[in-house]
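Asker: The listed protein sequences correspond, in order, to chains A and B. full-length UniProt numbering puts the first residue of the first sequence at 1, with every later residue one more than the last. full-length UniProt numbering puts the first residue of the second sequence at 1, with every later residue one more than the last. The structure's right below; bear with me while I get my questions together.
2 protein chains.
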Amino acid sequence: MQRPVRLSVDCMGGDHGPSITLPACRTFLDKHPDAELLLVGKPDALTAAASWSRCRIVAASEVVEMDDPIDIALRKKRDSSMRVAIQQVKAGDTPPAADACVSAGNTGALMAVARYLLKTLDGIDRPAIASVMPNTRDGFTTMLDLGANVDCTAEHLLQFAVMGSALVSAVDGKETPTVGLLNIGEEAIKGSEVIKRAGELLRAAGESGLINFRGNVEGNDIFKGTTDLVVCDGFVGNVALKTAEGLATMLSTFIKQEFTRTPYAKLAALVALPVLKHFKDRVDHRRYNGAALLGLRGLVFKSHGSADALAFETALTRAYDAARNGLLERVHERINFALQASLNTNPANANRAAEAPAPRQAA
Amino acid sequence: MQRPVRLSVDCMGGDHGPSITLPACRTFLDKHPDAELLLVGKPDALTAAASWSRCRIVAASEVVEMDDPIDIALRKKRDSSMRVAIQQVKAGDTPPAADACVSAGNTGALMAVARYLLKTLDGIDRPAIASVMPNTRDGFTTMLDLGANVDCTAEHLLQFAVMGSALVSAVDGKETPTVGLLNIGEEAIKGSEVIKRAGELLRAAGESGLINFRGNVEGNDIFKGTTDLVVCDGFVGNVALKTAEGLATMLSTFIKQEFTRTPYAKLAALVALPVLKHFKDRVDHRRYNGAALLGLRGLVFKSHGSADALAFETALTRAYDAARNGLLERVHERINFALQASLNTNPANANRAAEAPAPRQAA
Numbered sequence: 001m002q003r004p005v006r007l008s009v010d011c012m013g014g015d016h017g018p019s020i021t022l023p024a025c026r027t028f029l030d031k032h033p034d035a036e037l038l039l040v041g042k043p044d045a046l047t048a049a050a051s052w053s054r055c056r057i058v059a060a061s062e063v064v065e066m067d068d069p070i071d072i073a074l075r076k077k078r079d080s081s082m083r084v085a086i087q088q089v090k091a092g093d094t095p096p097a098a099d100a101c102v103s104a105g106n107t108g109a110l111m112a113v114a115r116y117l118l119k120t121l122d123g124i125d126r127p128a129i130a131s132v133m134p135n136t137r138d139g140f141t142t143m144l145d146l147g148a149n150v151d152c153t154a155e156h157l158l159q160f161a162v163m164g165s166a167l168v169s170a171v172d173g174k175e176t177p178t179v180g181l182l183n184i185g186e187e188a189i190k191g192s193e194v195i196k197r198a199g200e201l202l203r204a205a206g207e208s209g210l211i212n213f214r215g216n217v218e219g220n221d222i223f224k225g226t227t228d229l230v231v232c233d234g235f236v237g238n239v240a241l242k243t244a245e246g247l248a249t250m251l252s253t254f255i256k257q258e259f260t261r262t263p264y265a266k267l268a269a270l271v272a273l274p275v276l277k278h279f280k281d282r283v284d285h286r287r288y289n290g291a292a293l294l295g296l297r298g299l300v301f302k303s304h305g306s307a308d309a310l311a312f313e314t315a316l317t318r319a320y321d322a323a324r325n326g327l328l329e330r331v332h333e334r335i336n337f338a339l340q341a342s343l344n345t346n347p348a349n350a351n352r353a354a355e356a357p358a359p360r361q362a363a
Numbered sequence: 001m002q003r004p005v006r007l008s009v010d011c012m013g014g015d016h017g018p019s020i021t022l023p024a025c026r027t028f029l030d031k032h033p034d035a036e037l038l039l040v041g042k043p044d045a046l047t048a049a050a051s052w053s054r055c056r057i058v059a060a061s062e063v064v065e066m067d068d069p070i071d072i073a074l075r076k077k078r079d080s081s082m083r084v085a086i087q088q089v090k091a092g093d094t095p096p097a098a099d100a101c102v103s104a105g106n107t108g109a110l111m112a113v114a115r116y117l118l119k120t121l122d123g124i125d126r127p128a129i130a131s132v133m134p135n136t137r138d139g140f141t142t143m144l145d146l147g148a149n150v151d152c153t154a155e156h157l158l159q160f161a162v163m164g165s166a167l168v169s170a171v172d173g174k175e176t177p178t179v180g181l182l183n184i185g186e187e188a189i190k191g192s193e194v195i196k197r198a199g200e201l202l203r204a205a206g207e208s209g210l211i212n213f214r215g216n217v218e219g220n221d222i223f224k225g226t227t228d229l230v231v232c233d234g235f236v237g238n239v240a241l242k243t244a245e246g247l248a249t250m251l252s253t254f255i256k257q258e259f260t261r262t263p264y265a266k267l268a269a270l271v272a273l274p275v276l277k278h279f280k281d282r283v284d285h286r287r288y289n290g291a292a293l294l295g296l297r298g299l300v301f302k303s304h305g306s307a308d309a310l311a312f313e314t315a316l317t318r319a320y321d322a323a324r325n326g327l328l329e330r331v332h333e334r335i336n337f338a339l340q341a342s343l344n345t346n347p348a349n350a351n352r353a354a355e356a357p358a359p360r361q362a363a
């Protein structure tokens, strides 16, 4: 049997805290007999889990609230469940206590604390946030960055492509995932100056075998599944993500309104219920909850703040899959390949053929 | 009775040409007894309309194909239906022959030819493309730019806000439409450097009464209808638009698949048909076809290339409404107000208190 995968869970984070995170952890443990959990939070709030096997409660006296400014999370609440949970994946003289951390806490705070505690990998200027969206092929399209970096250079976009490819290979099991650069046309001459330059870098990276670059993609290609990975800056990625969420919400509202508008519509709703249910399950956003914070010296996953137990369990599973399949090493290998091939044109990285971090799972 | 509104129609443009544009023109004329049309194209292809009243065929010997490069449209095909149609709205020593032009031709070519022939208004650096998306309030959210300008300054975004406000006031009859700046968070400190600076300019413009600025909005606010107008650069706008199109297509595919998956599902589809039909009508993209090219010395509207007769008729109606309600004068007045109040901080515009163009409807 494989060595266990251990996750540290910020049980206090998100809109609902332990009332959601604990049931999710329970189900997750039942489904993953080789998983172990470090449940981080106020012990009083976690008593329900005190007797669980393959679990240990790690005390943290404070909680980062969803509307806490980054500064509070970073400098004031030094014993927050978020911070203590992240600390568990930090490698020091000894391997880290956990393989990956999961939190539903606020994104800005999580990224800031994770970056402060874990530091970025050599060869990475900025960590990025990657998540998945469903596509017509009944698979998932991975997309990054989704909001961590608003002003990006072409080099940053190349780094995103490299890290995202590592993520897809680890979590979705595709060794050479296809990569698209989000643009406003397929032709290489399209787009802003940064995007055109990024296109050149990605093409070169594709030719060197670092990534499997397929050229420009457009917004609709995300849902077509034209490429496994879509790369963009955090501003564009965040707008695309929230636009999609907004449209989905509107259409869902309209469908509900239409199926309750008249007595006939209500009857039709009863008849159509199993069909609508199947449709709903297929696009259920809880099935793809769990964004990866990539580029750090440790694995951190972010659940949606409003996640319910099923959604939070999905985030746990994604973190588990990433850790089980050596995401950290995969990112590191690809970045080192890029550095050695001098593909990353950032001169500051020229001599940074990095030492491997010491992840727990490499022991 | 009001003086007639006259539209020039590029009958050859789009994927389908006269087989779509002529039936759309016929229906449009029937619904608008005070409208007149200049039908531009190859006379042989327009014989069906030869005897229509309130119509005149204007001969053009060439056609800009959907995949023609901009250069071909601009420099080679000087007698194209697109170019001749645009020429009709150009004011010279005499008022223009038409109040607005409508084409389903390719966007890049249309913008380039329109800009070349008509020139930009004083105070406007770059024309922008504005269109509408449906929102949960059963209204429409107008958005610009949707792809004409990929690298924008804060000043450009201010100009978009001013022109977009004029558009909403003319077409949707809201005299002081609310304006949102598309960003990745509501707080003023969010976003890229350009967006933060644009936020300052838009706030100042709001305080001066030039626009009704409501602050930052996010992608999901487009479909909530949080503001009447959403302003963004052309890269972000195009990605948001195509992301929404892609998601809508995917969900529509999924619904069709679910309602044909099993014999029961097919039965349920029959029962639910009237409800699904009503839902479909509500989000029918043909109901909001017709993008405005704003900032030019003449009104030009762009229909989707793949528009059917109903969609093309919608574009004709939008152009008609804009011309009837003096969109050109409204844009001009607002831009002049901005110039006089020195709100547009582009120094090149400092002494450009512009002369009014001579639109046909002002005669």
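Beta carbons are placed, not taken as given, at the ideal position from N, Cα and C, and that holds for glycine.
Buried or exposed for B:MET82, going by 16 or more other Cβ atoms inside 10 Å?
Answerer: Label assigned to B:MET82: buried.
Asker: Cβ of A:SER8 within 8 Å of Cβ of A:ALA97?
Answerer: In contact: A:SER8 and A:ALA97 (Cβ atoms closer than 8 Å).
Asker: Go ahead and label B:TYR264 buried or exposed: buried means 16 or more other beta carbons lie within 10 angstroms of its beta carbon, across all protein chains shown.
Answerer: B:TYR264 is exposed by the Cβ-count criterion.
Asker: Given that B:ASN289 touches chain A, what residues does it touch there, using C-beta distances under 8 Å?
Answerer: Chain A residues near B:ASN289: none, gap ~17 Å exceeds 8 Å.
Asker: Report the residue from B:VAL5, B:LYS31 and B:ARG3 whose alpha carbon sits nearest the alpha carbon of B:GLU313.
Answerer: For B:GLU313, the nearest C-alpha among the options comes from B:LYS31.
Asker: Measure the CB-CB distance between A:PHE28 and B:ILE255 and report whether it falls below 8 Å.
Answerer: For A:PHE28 and B:ILE255, no; Cβs fall outside 8 Å.
Asker: Please list, in chain order, the chain B residues whose beta carbon lies closer than 8 Å to that of A:THR317.
Answerer: Neighbours of A:THR317 on chain B: none; closest Cβ ~23 Å, over 8 Å.
Asker: Within a Cβ cutoff of 7 Å, which residues of the same chain sit near A:SER236, ignoring the five residues on either side of it in sequence?
Answerer: The question names Ser, but residue 236 of chain A is Val in the sequence shown. Within the same chain, A:VAL236 has close Cβ partners LEU182.
Asker: Using C-beta distances below 8 Å, list every residue in its chain close to B:ALA341, excluding the 5 sequence neighbours before and after it, in chain order.
Answerer: If we look at B:ALA341 and ignore the five residues flanking it on each side, its Cβ neighbours are SER208 and LEU210.
Asker: Helix, strand or coil for A:GLY13? Go by DSSP, reduced to three states.
Answerer: Correct three-state label for A:GLY13: coil.
Asker: Is there a Cβ from chain B that is less than 8 Å from the Cβ of A:ARG83?
Answerer: Not closer than 8 Å to any Cβ of chain B, the Cβ of A:ARG83 fails to qualify, so no.
Asker: Note down the Cα distance separating B:VAL231 from B:LEU201, rounded to an integer number of angstroms.
Answerer: Each residue's Cα considered, the two are about 13 Å apart.
Asker: Is it right to say B:ASP15 is buried, meaning 16 or more other beta carbons lie within 10 angstroms of its own, or is it exposed?
Answerer: The residue is exposed, with fewer than 16 neighbouring Cβ atoms inside 10 Å.
Asker: With H, G and I counted as helix, E and B as strand and the rest as coil, what does DSSP make of A:ILE195?
Answerer: Looking at A:ILE195 - three-state DSSP - the assignment turns out to be helix.
Asker: So what does A:PRO134 bridge to, in DSSP terms?
Answerer: For A:PRO134, which the question treats as bridged, DSSP gives the partners A:PHE140.
Asker: Let me know if B:GLY105 comes out buried or exposed under the rule of 16 or more other beta-carbons within 10 Å of its beta-carbon.
Answerer: Looking at its Cβ environment, which holds 16 or more other Cβ atoms inside 10 Å, B:GLY105 is buried.
Asker: Pairs of beta-carbons, one from the region 170-190 of chain A and one from the region 319-329 of chain A, closer than 8 Å: are there three or more?
Answerer: In short, these stretches touch, since the Cβ pair count reaches three.
Asker: Kindly indicate which three-state DSSP category A:LEU299 falls into: helix, strand or coil?
Answerer: The answer is strand: DSSP assigns A:LEU299 an E or B state.
Asker: From A:ASN216 to B:ALA188, what distance separates their C-alpha atoms?
Answerer: If you take the alpha carbons of A:ASN216 and B:ALA188, they lie about 32 Å apart.
Asker: Please list the terminal residues of the continuous alpha helix (DSSP H) segment that includes B:SER19.
Answerer: Segment 18-31, the alpha helix (DSSP H) holding B:SER19.
Asker: Cβ atoms of B:LYS42 and B:ARG297: under 8 Å apart, would you say?
Answerer: Taking 8 Å as the Cβ cut-off, B:ARG297 and B:LYS42 do not qualify as a contacting pair.
Asker: Rounded to the nearest angstrom, what separates A:ALA319 and A:LEU146 at their Cα positions?
Answerer: Those two C-alpha atoms are separated by around 18 Å.
Asker: Have a look at B:ARG197, B:ALA109, B:GLY246 and B:GLY206 and flag the residue whose alpha-carbon is nearest the alpha-carbon of A:ASP221.
Answerer: Residue B:GLY246 is the option with its Cα nearest to A:ASP221.
Asker: Return the residues of the region 244-272 of chain A that lie within a Cβ-Cβ distance of less than 8 Å from chain B, sorted by chain order.
Answerer: Those residues of the region 244-272 of chain A that come within reach of chain B (Cβ to Cβ, closer than 8 Å) are ALA244, GLU245, GLY246, LEU247, ALA248, THR249, MET250, LEU251, THR253, PHE254, ILE255, GLU258, PHE259, ARG261, TYR264, ALA265, LEU267, ALA268, ALA269, VAL271 and ALA272.
Asker: State the start and end residues of the unbroken alpha helix (DSSP H) segment that holds B:ALA322.
Answerer: Unbroken alpha helix (DSSP H) run through B:ALA322: 309-324.
Asker: Counting only C-beta atoms, is B:VAL275 closer than 8 Å to chain A at any point?
Answerer: Cβ-Cβ to chain A under 8 Å: yes for B:VAL275.
Asker: Got a sec, what are the start and stop residues for the beta strand (DSSP E) A:THR178 sits in?
Answerer: 178-182 is the extent of the beta strand (DSSP E) around A:THR178.
Asker: DSSP state of B:SER103, grouped into three classes?
Answerer: Of the three classes helix, strand and coil, the one that applies to B:SER103 here is strand, per DSSP.
Asker: Below 8 Å on the Cβ atoms is my contact criterion, and I expect A:MET133 with A:TYR288 to pass it. Report the Cβ-Cβ distance as a whole number of Å.
Answerer: Indeed, because the Cβ distance is near 7 Å, the residues count as touching under 8 Å.
Asker: A:ASP321: which of A:GLN159, A:ALA291 and A:LYS90 sits nearest, CA to CA?
Answerer: Of A:GLN159, A:ALA291 and A:LYS90, the residue nearest in Cα terms is A:ALA291.
Asker: Where does the unbroken beta strand (DSSP E) through A:ALA292 begin, and where does it stop?
Answerer: Segment 291-294, the beta strand (DSSP E) holding A:ALA292.
Asker: Using a beta-carbon distance cut-off of less than 8 Å, what residues from the region 222-235 of chain A approach chain B?
Answerer: From the region 222-235 of chain A, only ILE222, PHE223, LYS224, CYS232, GLY234 and PHE235 have a Cβ closer than 8 Å to chain B.
Asker: Looking only at DSSP bridge pairs, what is B:CYS232 linked to?
Answerer: According to DSSP, B:CYS232 bridges with nothing at all.
Asker: Quick check: the Cα distance between B:SER61 and B:ALA148, rounded to an integer number of angstroms?
Answerer: Straight-line Cα distance between these residues: approximately 28 Å.
Asker: On the three-pair Cβ rule with 8 Å, is the region 122-136 of chain A touching the region 40-56 of chain A?
Answerer: In short, these stretches do not touch, since the Cβ pair count stays below three.
Asker: Is there a C-beta anywhere in chain B that falls below 8 Å from the one on A:HIS332?
Answerer: Not closer than 8 Å to any Cβ of chain B, the Cβ of A:HIS332 fails to qualify, so no.
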